[in-house]
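First comes the structure, then the notes that go with it.
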Amino acid sequence: MCGIWALFGSDECLSVQCTSAMKIAHRGPDAFRFENVNGFTNCCFGFHRLAIMDHLYGMQPLRIKKFPFLWLCYNGEIYNHQTLKKQFEFDYQTKVDGEVLLHLYDRFGIQKMASLLDGVFAFILLDTANRKVFLGRDTYGVRPLFRLLTDNGFLAVCSEAKGLININHAMAGPASIVPFLPGHYEVFDLKQNGKVQSIQSEQFHFCTQEPAHAIYDTVERLPTSFDEETVKSNIRTLFENAVRKRLMAHRRIGCLLSGGLDSSLVAATLVKLAKEEKLQYPIQTFSIGSDDSPDIIAAFKVAAHIGSEHHEVNFTAEEGIQAVEDVIFHLETYDITTIRASVGMYLVSKYIREKTDSVVIFSGEGSDELTQGYIYFHKAPNPKAAAEDSVRLMKELYLFDVLRADRTTAAHGLELRVPFLDHRFTAYYLSLPEEMRIPKHGVEKHLLRESFKGLNFIPDEILWRSKEAFSDGVMSMKKSWYTCLQEHVESMVNDDQMEKAHNMFPHNPPCNKEAYYYRQVFEKYYPGRAEWLSHYWMPRWIDAVDPSARTLSIYKPDKD
């Protein structure tokens with residue numbers, strides 16, 4: 003996990019522009035570097051490093067003797083870099099996983115390079131020999147990337163938008179800053195004056211496609227039958243493989259544990275594999291909530307069952323409310339449910355950074371979208387509609403849950419790993435018959451639960467625990483977190499402001515005082531950038547005015 007930043011064709015002195023790169027210093031607390039590009043006085047790279055692989059040669063932009071004309075700045079982990087090295091007999095000069103991008107690009111070009119990467123990544127690749135700049139981002143946008151492009155061909159790129167909003171340029175009005183689309187790469191011609199022209203933008207992978215790198219995977223081809231036992235076995239095999247490949251790290255590994263199904267499966271698999279791989283330390287698990295929150299209680303049971311070194315982080319509603327403004331600054335969004343869920347994750351990440359030596363953090367993001375885990379899926383009109391909405395949610399992850407997970411952990415210099423978003427695992431699950439994936443017997447994620455039934459992997463009561471949103475489960479059943487937030491903002495936004503909300507904020511106008519307050523804070527840091535969010539996250543097929551599961555008529559709290 004790092005912070006990347008680059009300028010091509012800057013309209014302003016680079017020493018002035020470089021201050022913008024310091025806005026993402028939290029992403030790489032171990033080291034930073036600015037480097038000009040030979041022969042292009044108005045082009046440069048900025049890099050903030052969190053050292054996970056190859057402490058000696060891991061600084062960027064990465065350049066090697068074999069390809070002196072290539073410059074690479076990337077943020078991510080390439081889990082199959084050793085597999086590809088053996089397959090194609092590449093001669094590596096470092097132990098950096100990202101070096102494989104240079105070899106793949108040189109041999110196959112940008113399209114095949116991007117499609118063969120098994121991992122999470124955002125990259126900026128400069129080829130001075132062919133005068134090209136390439137940008138790319140992983141399938142689900144697990145690693146963030148934003149770009150600014152002016153009419154006169156000045157390109158600025160950064161891991162987070164906050165590193166671009168104060169860039170100086172020659173345009174009269176504000177320049178467009180947009181999130182780079184996941185699963186895509188873009189090609190630019192680099193002119194002699196350092197300016198660029200976009201000449202190609204292509205999608206190299208979509209979530210329903212078997213990834214091109216699957217043929218080189220350590221797990222061989224799986225049985226193709228849709229017999230239920232075969233499917234459940236395949237799910238277990240691919241999920242374990244997804245966790246195993248993510249053990250690649252030279253820093254301590256930990257795991258977020260809410261006590262829900264998804265994080266519990268990740269934590270249990272992680273503890274099992276850590277023993278098999280003989281890691282020299284126990285896996286630390288982390289839960290957050292108020293004293294009597296459902297998440298704290300459930301996570302304690304799971305940790306005791308799997309034998310992790312468990313840490314409970316308690317926080318009060320007041321502490322959560324105090325963190326909201328910082329959270330919105332880091333998130334760069336005003337989406338209601340994203341902000342609610344981010345506060346707990348931000349505070350637990352702060353604890354991990356300050357009180358432990360765990361740096362690589364596993365988490366359960368992506369499962370609800372993939373396996374139809376939101377309780378509104380019970381109301382889907384038919385399996386086809388449910389399957390289509392699952393794919394829609396996967397495509398939008400970079401705006402919501404994946405954005406939350408990256409920014410709240412990166413704010414404290416941690417690296418997030420999300421095995422549920424493994425390319426092969428997701429492609430396989432989405433290829434299953436639509437009828438197999440829907441909620442059954444009143445239980446969402448039924449197929450996933452069934453796959454781990456009877457193994458004593460996690461406690462049975464957790465395996466069948468109903469969906470509890472992260473933003474709800476951190477507080478007690480007596481009073482939800484969203485209620486605490488709404489009571490807090492009641493006096494901060496008046497009725498007159500609400501009446502004029504549609505005029506004040508025509509794009510995604512806030513429909514209540516909580517949403518209005520979030521929007522005010524967002525506009526304070528990112529004025530006029532509301533388009534970064536295309537729409538609010540909301541349940542479907544049910545009359546919902548709030549994204550919280552606890553507000554829905556179909557919500558059923560756990561009896562215990």
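Residues 3 to 562 in our numbering are what the sequence shown spells out, letter by letter. Don't be surprised by glycine CBs; every beta carbon is placed ideally from N, CA and C.
How would you label N496, buried or exposed, when you count the other beta carbons within 10 angstroms and need 16 or more for buried?
With fewer than 16 Cβ atoms within 10 Å of its Cβ, N496 is classed as exposed.
Start-to-end residues for the beta strand (DSSP E) that takes in E452:
Not the beta strand (DSSP E): E452 falls in the alpha helix (DSSP H), residues 448–453.
Residue range of the alpha helix (DSSP H) that A300 falls in?
Residue range 296–308 is occupied by the alpha helix (DSSP H) that includes A300.
Under 6 Å Cβ to Cβ from F331, same chain only, skipping five residues before and after it: list those, please.
So the qualifying residues of the chain are Y527.
Return the chain-ordered list of same chain residues with a C-beta closer than 6 Å to the C-beta of K561, the five sequence neighbours on each side being excluded.
Note that K561 has pLDDT 47, beneath the 50 cutoff, so the model's placement of it is unreliable and no number is given.
Check each candidate in P146, D219, N154 and name the one with the smallest Cα separation from L183.
The shortest C-alpha separation from L183 is found at P146.
Reducing DSSP to helix, strand and coil, say where Q522 ends up.
The DSSP-derived three-state label of Q522 is helix.
Which residues does DSSP list as the beta-bridge partners of A158?
DSSP, once it has assigned bridges, lists L9, L150 as partnering A158.
Smallest Cα separation from C209: which of H425, A172, A503, T287?
Shortest Cα-Cα distance from C209 to any of H425, A172, A503, T287 involves H425.
DSSP state of C486, grouped into three classes?
In the structure shown, the three-state DSSP call for C486 is helix.
Inter-residue Cα distance where the pair is K88 and E79
Using only the alpha carbons, I get a separation of about 18 Å.
Mapping DSSP to helix, strand and coil, what is R109?
In the structure shown, R109 sits in a helix (DSSP, three-state: H, G or I).
Contact belief for Y142 with L423 at Cβ below 8 Å, rounded distance in angstroms:
The pair is a contact, with the Cβ atoms about 5 Å apart (cut-off 8 Å).
For the region 316–334 against the region 486–496, do three or more pairs of beta-carbon atoms, one drawn from each stretch, fall closer than 8 Å, so that the two count as touching?
A contact is defined here as three or more CB-CB pairs under 8 Å, and the region 316–334 meets this definition with respect to the region 486–496.
Mark K455 as exposed unless 16 or more other C-beta atoms lie within 10 angstroms of its C-beta, in which case mark it buried.
Exposed, by the Cβ-count rule.
DSSP-derived helix/strand/coil call for I255:
I255 sits in a strand when the DSSP states are folded into three classes.
Coarse secondary structure for N384, derived from DSSP in three states:
In the displayed model, N384 falls within coil according to three-state DSSP, outside both helix and strand.
State the CB to CB distance for the pair E446 and F379, rounded to an integer number of angstroms; the pair is presumed to be in contact (CB under 8 Å).
For a cut-off of 8 Å, the C-beta gap from E446 to F379 is around 6 Å, short enough to register as a contact.
Could you check which residue in R35, L106, S117, I167 has the C-alpha nearest to that of G530?
Closest by alpha carbon: I167.
When DSSP builds the beta bridges, which residues end up paired with P31?
Looking at the DSSP assignment, P31 forms a beta bridge with R51.
In the DSSP assignment, what residue or residues form a beta bridge with A124?
DSSP lists N77, R139 as the beta-bridge partner residues of A124.
I need the boundaries of the alpha helix (DSSP H) containing R426, first residue and last residue.
For R426, the enclosing alpha helix (DSSP H) stretches over residues 425–433.
Please report the straight-line C-alpha distance between N316 and P296, rounded to a whole angstrom.
So the alpha carbons of these two residues sit roughly 12 Å apart.
CB contact flag (I255, V273, <8 Å)
No, the pair does not count as a contact, with Cβ atoms beyond the cut-off.
For the beta strand (DSSP E) containing D191, name the first residue and the last one.
Where D191 is concerned, the enclosing beta strand (DSSP E) starts and stops at 186–192.
If you follow the alpha helix (DSSP H) that G322 is part of, which residue opens it and which one closes it?
Here the alpha helix (DSSP H) through G322 covers 319–333.
Cβ-Cβ separation, H414 to K352 (assumed contact under 8 Å), whole Å:
Contact flag correct, Cβ pair sits at about 5 Å.
With H, G and I counted as helix, E and B as strand and the rest as coil, what does DSSP make of R531?
Note: R531 maps to coil in three-state DSSP.
What's the gap between the Cα of I237 and the Cα of S453?
A straight line joining the alpha-carbon of I237 with that of S453 spans about 7 Å.
Do the CB positions of N510 and Y484 come within less than 8 Å of each other?
Cβ distance not < 8 Å, so N510 and Y484 don't count as in contact.
Checking 8 Å against the spacing of the C-beta atoms, do A251 and V362 come in under that value?
Cβ atoms of A251 and V362: closer than 8 Å.
Closest residue to G30 among E37, A53, C20, T85 (Cα-Cα distance):
Cα-wise, what sits closest to G30 is A53.
With a threshold of 7 Å on Cβ separation, who are the neighbours of N154 within its own chain once the five nearest residues in sequence on each side are excluded?
Correct list, in chain order: A172, K197.
Entirely within the region 202–238 and at least 3 residues each: give me those beta strand (DSSP E) ranges in chain order.
As far as the region 202–238 is concerned, it has no whole beta strand (DSSP E) run of at least 3 residues.
At least three beta-carbon pairs within less than 8 Å, the region 215–231 to the region 392–406:
In short, these stretches do not touch, since the Cβ pair count stays below three.
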